[in-house]
Amino acid sequence: MARLERLVGTENAERVLEVIANCKEGSDLLIWATSENVAAEVWKKIGVMLGLPIGINWYETCLSWFRRASNASQTGVILGVLPTVISWRLWTRRCKARMEGKMESGQLCGNLSNSGWALSVKAWSKPAQGRVKLNTDGSSLGNPGESGAGGVIRDMHGTLLLAFAKNLGYGNSTYAELRALVEGVKHCKNMNFSAVDIEMDSKVILAWLDKNRCGSWYLEDVWEELQLQLINMDIRFMHIHREGNAVADWLARRGASDGDVEWWSMGEVSPLSRGLIIVDKWGLPSIRRKNWMS
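Residues in the sequence shown are numbered consecutively from 1, following full-length UniProt numbering.
See below:
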């Protein structure tokens, strides 16, 4: 709600939600209406569980929950996205009833994980003062196939320092991930950054780093190059889920498909990558779905 207010102003933000809440045309309103039997049961159950108030309508309920969301904590972020998750769950119930003739009870619908999908919130986080953060990723179109490396370096404010994409030719995803890391560390050294937090979504490469041993003989030369680049650097390696690594992921795929590029400011980057960087800077989360039944 706070970000919507900054974009359009407080009065307009409240008007947007009020217009949505007052739409009464069509049966789709039932997924929002807190007075409808099943919807009311779901909203009330989750509200009681989390100690959150239930308003007289959907607008009042969402508004009160958004106001309790704190940008400084993971709990606050979850509270901020919870109305969206609940509305999505009620929407799937409505679609099953309308398209498949299957009617779920409020108790079943209130269990957001009943379908076997566990939901969690993932977001990029800024580095500590005096450090920069490097996010890298690799992409292989076909695995093996045309591959690319991507990375982005940002400061403690989330400000872009460098975004790069590089075509690597033919290779698999592990090669692309390792090569992307090497390219990113090189850029950090060339920019005189020695205190660097490095995030990547490759558990394979992170496991190699933890054991200090390359797990593939054909990548030994790339591994040795990485070890040389890491000398005299204060590096912290961390895993990040793909949802929080969206900028580097996009850059890696761009490198595989469109070739090399380096962007040194927000004015240079493409509209899509600019949007992803802004989302990270604001701390906006993505919802990660994991099938715990598989």
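From the three backbone atoms N, C-alpha and C, an ideal C-beta is built for every residue, glycine too.
For residue i, which residues in the same chain have their Cβ closer than 6 Å to its Cβ, ignoring the five residues on either side in sequence?
i      : result
VAL132 : ILE153, ASP155, PHE193 and VAL196
TRP32  : With a pLDDT of 49 at TRP32, under the threshold of 50, the modelled position of that residue is not reliable, and no figure is offered here.
LEU181 : THR136
GLU220 : CYS214
Alpha carbon to alpha carbon, how far is residue j from residue i? Give it in angstroms, no decimals.
i           : j      : result
VAL279      : GLU224 : 35 Å
LEU134      : LEU63  : 36 Å
residue 297 : THR174 : With the chain running from 1 to 294 in the structure shown, residue 297 is simply not present.
ARG68       : LEU79  : 7 Å
residue 331 : ARG242 : Residue 331 falls outside the range modelled here, since the chain spans only 1 to 294, and no answer is possible.
GLU25       : ILE56  : Only weak support exists for where GLU25 lies, its pLDDT of 43 falling under 50; the coordinates are left without a value.
ARG253      : SER139 : 5 Å
VAL167      : LEU141 : Before going on, a small fix: residue 167 reads as Asn here, not Val. Distance between the alpha carbons of ASN167 and LEU141: 11 Å.
LEU284      : LEU160 : 16 Å
ASN248      : LEU226 : Per the sequence presented here, residue 248 reads as Ala, with Asn not at that position. ALA248 and LEU226: Cα-Cα distance of roughly 19 Å.
Hey, out of the options, whose CA is closest to residue i's CA?
i      : options                           : result
ALA246 : LEU272, LEU82, LYS96 and TRP91    : LEU272
VAL261 : ILE198, PHE164 and GLU183         : PHE164
SER87  : ALA39, LYS211, PRO53 and SER270   : ALA39
ASP210 : LYS126, ILE235 and ARG242         : ILE235
MET233 : GLY142, TRP263 and GLY184         : GLY184
GLY151 : LEU50, TRP217, PRO53 and MET200   : MET200
HIS239 : GLU177, LYS166, ARG98 and ASN172  : GLU177
PHE66  : ILE56, THR84 and MET49            : THR84
LEU251 : ILE46, ASN190, GLU100 and GLY275  : GLY275
PHE237 : VAL269, ASP249, SER257 and ASN212 : ASN212
Return the Cβ separation of residue i and residue j in integer angstroms, given the expectation that the two are a contact with Cβ distance under 8 Å.
i      : j      : result
SER147 : GLY169 : 7 Å
PRO127 : ASN172 : With a Cβ gap of about 30 Å, PRO127 and ASN172 do not count as contacting.
Using beta-carbon positions only, say whether residue i and residue j come within less than 8 Å of one another.
i      : j      : result
ALA123 : GLY244 : yes
GLY255 : ALA149 : yes
Just to confirm my understanding: we take residue i, look at its own chain, exclude 5 residues before and 5 after, and list those with CB closer than 8 Å. What are they?
i      : result
GLY215 : VAL204, ALA207 and TRP208
What does a CB cutoff of less than 7 Å around residue i pick up in its chain, not counting 5 residues either side in sequence?
i      : result
TRP264 : LEU162
LYS281 : GLY158
ILE54  : THR34, TRP43, LYS44, GLY47 and THR61
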